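Notes to accompany the following structure.
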Amino acid sequence: MIDFYKNRWKYYIISLAIIALGIIMIFVNGGIKLAIEFKGGAIIRYSFEGELDINEVGAFAAEIMGRDVAVQEISSNISGKEGDAASKKIVLNFAGDEGLSDEAQLKLDAALKEKYPDAKFVSAGSSVVKPFIGKRFLARSMRAILLASILMILYIWYSFRKISGLSAGVMSFVALLHDVIVVFFVFIIFNIPINESFIAVSLTILGYSLNDTIVIFDRIRENKRFMGAKVPIEEIVTKSINQSLTRSINTGVATFISIVVVYIFAAIYDIESIKTFALPMAFGIISGAYSTICLVGPMWTSWQKFITKDKIKTA
832 MIDFYKNRWK YYIISLAIIA LGIIMIFVNG GIKLAIEFKG GAIIRYSFEG ELDINEVGAF
892 AAEIMGRDVA VQEISSNISG KEGDAASKKI VLNFAGDEGL SDEAQLKLDA ALKEKYPDAK
952 FVSAGSSVVK PFIGKRFLAR SMRAILLASI LMILYIWYSF RKISGLSAGV MSFVALLHDV
1012 IVVFFVFIIF NIPINESFIA VSLTILGYSL NDTIVIFDRI RENKRFMGAK VPIEEIVTKS
1072 INQSLTRSIN TGVATFISIV VVYIFAAIYD IESIKTFALP MAFGIISGAY STICLVGPMW
1132 TSWQKFITKD KIKTA
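Read left to right, the sequence shown gives residues 832 to 1146 (my numbering).
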């Protein structure tokens, strides 16, 4: 039986080390990079045929327009049929406070068609995201994550009110915050701009981690009832975590493998939008399983022991 409470400081140090690494990587990678959706700019889409070096296309577009540009191939010939060239699309993201005028877009169209005549570029639409809209979208997205976290705390508080549900909810929130921070640093470490995938991954991980946490606290509640109040709380928690350990690991491994398969598929076909979701999601699954098993129970135990000592001193 693994004594998770006894080894709690090891787990705390591991988490702090991960956070420290993430903070260092923010400076190494030149700060936090926001996607067009959050910082504003212009997005232009093209369909094309054949094979292209998208980095070369991006460099050429930046030279023509005199603005920084991020480029990605959002889909490719997944069917494998030679005649299915129209399924290939490229997206040019121009960062900045202003959009692109009609003249500028026509200039870019002509330059791309002249530079890559065999690609047969066809405009597939464009859109502009104003900076204030991007910031508002980011703020609302963060509020959605915060609201989801608060609702989860209230749910745990109510469900486990007989075993100090408020402290269970608070410790669960700390673990959920830990998981969101890990996901955030995955974006930083792999130099992925913070985009809508960050919000999607964060909300998904919150639900996944909460599910595991509920299972463990439910086990603690049952063991506390059967083992009695005289048994030390750390013994009850350690036994409860070990009883749930196999289930938590199996669930985590199965989910992790599924996400890795999705990432491999996206990498093979170079589907950038899925890659930027699956990669952080894979690390988020690991973090969710880790925080549920190694952090929530020991932190809750420490808090319960602190409250008990405080009551004894007061008496």
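Backbone N, C-alpha and C fix where the C-beta goes; we use that ideal spot for every residue, glycine too. Note that the coordinates shown come from a computational prediction; the quantities given were computed from them, not determined experimentally.
Boundaries of the beta strand (DSSP E) harbouring V953: 953–960, taken from the DSSP string.
Exclusion of the five residues before and after E868 leaves V960, G965, F968, N1026, E1027 as the residues of its chain whose Cβ lies within less than 7 angstroms of its Cβ. For S957 and R876, the gap between their C-alpha atoms comes out near 6 angstroms.
Segment contact: the region 1035–1055 against the region 987–994, three or more CB-CB distances shorter than 8 angstroms; contact assigned. Contact between K1070 and N1054 holds: their C-beta atoms lie close to 6 angstroms from each other, under 8 angstroms. The DSSP-derived three-state label of S878 is strand.
The region 1108–1115 makes contact with the region 1005–1015, as at least three CB pairs between them are under 8 angstroms. Here K919 is buried: its Cβ has 16 or more other Cβ atoms, across all protein chains shown, within 10 Å.
Judged by DSSP secondary structure, L1110 falls within the alpha helix (DSSP H) whose first and last residues are 1103–1121.
Per the C-alpha coordinates, the member of R1052, S932, F925 positioned closest to T1132 is R1052. By the Cβ rule, the region 932–942 counts as touching the region 885–897, because three or more pairs are nearer than 8 angstroms.
Within 10 angstroms of the beta-carbon of F952 lie 16 or more other beta-carbons, which makes it buried. Spatial neighbours of S1122 in its own chain (CB-CB distance under 7 angstroms, excluding positions within 5 residues in sequence) are listed in chain order as A1006, H1009, D1010, S1040. In the three-state DSSP reduction, V1062 falls in the coil class, being neither helix nor strand.
Cβ-Cβ distances below 8 angstroms link I863 to I857, I1019, I1025 in the same chain, with the five nearest sequence neighbours on each side left out; the list follows chain order. Note on geometry: alpha-carbon atoms of L982 and V1001 lie some 12 angstroms from one another. According to the DSSP secondary-structure assignment, E945 is paired through a beta bridge with no residue. By the C-beta density criterion, E887 is exposed, having fewer than 16 other C-beta atoms within 10 angstroms.
As for any beta strand (DSSP E) of minimum length 3 sitting wholly inside the region 1034–1084, there is none.
The beta carbon of L923 sits closer than 6 angstroms to those of I875, A892, V900, V902, all from its chain and outside the five residues before and after it, given in chain order. Leaving aside the five residues that flank V1127 on each side, the residues in its chain whose CB is nearer than 7 angstroms to its CB run, in chain order, M1002, S1003, A1006, T1044, I1047.
Counting along the chain, I845 sits inside the alpha helix (DSSP H) bounded by residues 839–859. DSSP, read as helix, strand or coil, puts A866 in coil. In terms of Cβ geometry, M1058 and I1067 form a close pair [threshold 8 angstroms].
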